[in-house]
Amino acid sequence: MSTRFSPWDLPMPYGSNHSNLQSFLQCITPSVPTRLLSPSSSSKKCNGSLEVPIVKNKVEGFTLGDLWHCYSEWSAYGAGVPILLNNGDGVVQYYTPSLSAFQIYTNKPFSSSKSRLNPVDGKFWKVENRAKPEDKDSCCDENKKDKIEKPLSNGSCLNSDNNSLGRKDQCGYLYCQYNEISSPYHRVPLKQKINELAKTYPGVLQFRSMDLSPYSWMAIAWYPLYQIPSARNVKELSACFLTYHPLSTLCQGTTDEMLEKENVEDMSCRGEERRSDKRKCEVSLPPFAAVAYKLSGSLWINPETSDQDSIICQQTAACCWLKQLQFQHHDFDFFMSHQF
783 MSTRFSPWDL PMPYGSNHSN LQSFLQCITP SVPTRLLSPS SSSKKCNGSL
833 EVPIVKNKVE GFTLGDLWHC YSEWSAYGAG VPILLNNGDG VVQYYTPSLS
883 AFQIYTNKPF SSSKSRLNPV DGKFWKVENR AKPEDKDSCC DENKKDKIEK
933 PLSNGSCLNS DNNSLGRKDQ CGYLYCQYNE ISSPYHRVPL KQKINELAKT
983 YPGVLQFRSM DLSPYSWMAI AWYPLYQIPS ARNVKELSAC FLTYHPLSTL
1033 CQGTTDEMLE KENVEDMSCR GEERRSDKRK CEVSLPPFAA VAYKLSGSLW
1083 INPETSDQDS IICQQTAACC WLKQLQFQHH DFDFFMSHQF
C-alpha cells in the first residue's frame, strides 16, 4: 500500500517566483499504483484451421478502480494545496473533487449485455444524432481538418443511445459517457458517484488502462472547502477549477500490435524509475487541460511567472479537446461564463 501524500510534508512556498497555480495542478494530480496485468487473450490460425493462442507478456498498468481509489481520501477530507498569500503567509487550502464528466472508449468491442448498455429509470441522458454547428467564436482553429464526427450530448448523466454506444469510430468503441449538470451543492462525493455508475456500467471499475483508447478522459471539478490556518477576507481563495485527465496511458495512435510487442522489461513508468521487486511503481495522470472561474488577482496569476500563459494554454487545450470530440460539457460552459 502506497504512502498517502500530505501537503504538510512540503515546505511552505516562498519567493516572488512562486506559482500557486502550478502548486494546485501538482497537488491534484493522481498517482496510481501500477501492477502487472495480462493483456487480453488472442489467437491466430495455424495451417488454416487450428487456432493457437498467442502468449503475451504481462504489462504494467492499472484498473479504473485503482484510479478512483486515489480520490477516496480527497473525497472525504479534500485535497490539500500549499498556497502563498500576498502578505507572505502560507496556508493549506483544501479542495473537494467532484466528478464532472468522462468518456470511456475501448480499443476493442465490449460485451453489449443489458447490464452495461440499457438505461435505468430514465436517469440517463440522450444523445442527438446530429453534429452541433461550429461556433464562429471558438477558441480552436476552424480550419482544422481532423475533426472527429461524434454525436453531441444535451443532458446530464449517462448515455443511453445504443446507436452511439459500442460503435467504433476514430476514438474507439464508446462504452459510456457522463456529464454532470446538477449544482455543486447537490453533488455526491466522487467515489460514491463512481460506485453508483458502476452498478450499471461495471467497466467503470473493471477496465484496465491498456483496454482503453487514448481518447478516454475524465474531468474533475474542484471546489474550495477550508484553509489551515483559516484566512479571512481573501476572496481569491474562492477560485474553483476544472481539470481534464487521461484515462489511458497509451499514446494516441497506439495499436494492438504495439501492445503485443511490449513486455515488462521494456516498460518503464511515466516519471518514475523502472519497476523493481522492492519498489512499487506509480503512474501520474496530470491534467492536460484546465479552466477556472473566480480566478483573479496576483494570488493565482503571478506576473513573475508564466501563470498567465499557462492559463491560456490550459483553457485552449480544454476547448479544443471538447470541440474535437464534439462533447458539450456543461461544467466547461459554466466555468467559461463565470471566469471572473
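Following my numbering, the numbering of the sequence shown begins with 783 at its first residue and continues without gaps. Here a beta-carbon is modelled for each residue, glycine too, at the ideal position from N, C-alpha and C.
Would you report the Cα separation of residue i and residue j, rounded to the nearest angstrom?
i: W850; j: S1080; result: 33 Å
i: V837; j: F844; result: In this prediction, V837 has a pLDDT of 46, which is less than 50 and means its spatial position is unreliable; nothing more can be read from the coordinates.
i: K981; j: T816; result: 24 Å
i: C1022; j: L1077; result: 8 Å
i: V863; j: T1031; result: 25 Å
i: V873; j: Y960; result: 34 Å
i: V1016; j: L803; result: 16 Å
i: Q1123; j: Q875; result: Any answer about residue 1123 is impossible in this case: the structure gives the chain only from 783 up to 1122.
i: L1107; j: L956; result: 12 Å
i: H1111; j: S1119; result: 13 Å
i: P966; j: N889; result: 33 Å
i: R1014; j: N977; result: 37 Å
i: S995; j: C852; result: 21 Å
i: C1101; j: D848; result: 28 Å
i: S964; j: S805; result: 28 Å
Would a check of beta-carbon distances place residue i closer than 9 Å to chain B?
i: S965; result: Here there is only one protein chain, and chain B is not present.
Between residue i and residue j, which are expected to be in contact by the criterion C-beta below 8 Å, what is the C-beta distance as a whole number of angstroms?
i: L807; j: P1068; result: 7 Å
i: L1029; j: I886; result: 7 Å
i: L987; j: L846; result: 6 Å
Once the 5 residues before and after residue i are set aside, which same chain residues still bring their CB inside 6 Å of it?
i: I1083; result: D1089, Q1090
i: H1027; result: M1000, L1067, P1069
i: Q1096; result: A1071, A1072
i: Y1075; result: C1022, F1117, H1120, Q1121
i: R990; result: L819, G843, T845
i: Y1005; result: T878, P966, C1022
i: D993; result: T888
i: S1092; result: none
Note down, in chain order, each residue of its chain lying with its Cβ closer than 8 Å to the Cβ of residue i, except the 5 sequence neighbours on either side.
i: D1113; result: S882, A883, E962, A1001, A1003, L1024
i: S857; result: T878, P879, P971, L972, K973, Q974
i: Y859; result: Y876
i: L1104; result: Q1110, H1111, F1114
By alpha-carbon positions, which one of the options ends up nearest to residue i?
i: C953; options: K1076, W999, G862, S1012; result: W999
i: I1094; options: A1013, Q1121, R817; result: Q1121
i: L819; options: T811, N802, E842; result: E842
i: V1065; options: Q804, S801, S813; result: S813
i: H800; options: G870, G860, M1118; result: G870
i: F1109; options: N889, C1063, Q1096, Y997; result: Y997
i: P764; options: C1101, S965, C958; result: With the chain covering 783 to 1122 only, the question about residue 764 has no answer from this structure.
i: L1019; options: E1086, C852, N868; result: N868
Quick one: what's got a C-beta closer than 7 Å to residue i's C-beta in the same chain, skipping five residues either side?
i: S854; result: K973
i: S1012; result: none
i: K840; result: L818, L819, S820, V1046
i: A861; result: C809, I810, Y876, Y877, P879
i: R969; result: S880, E962
i: L1007; result: G860, Y876, Y877, T878
Inside the region 839-890 only - alpha helix (DSSP H) runs reaching at least 4 residues: 846-851, 854-859
Would you list, in sequence order, the uninterrupted beta strand (DSSP E) runs of no fewer than 3 residues that lie entirely inside the region 957-1040? 999-1010, 1022-1028
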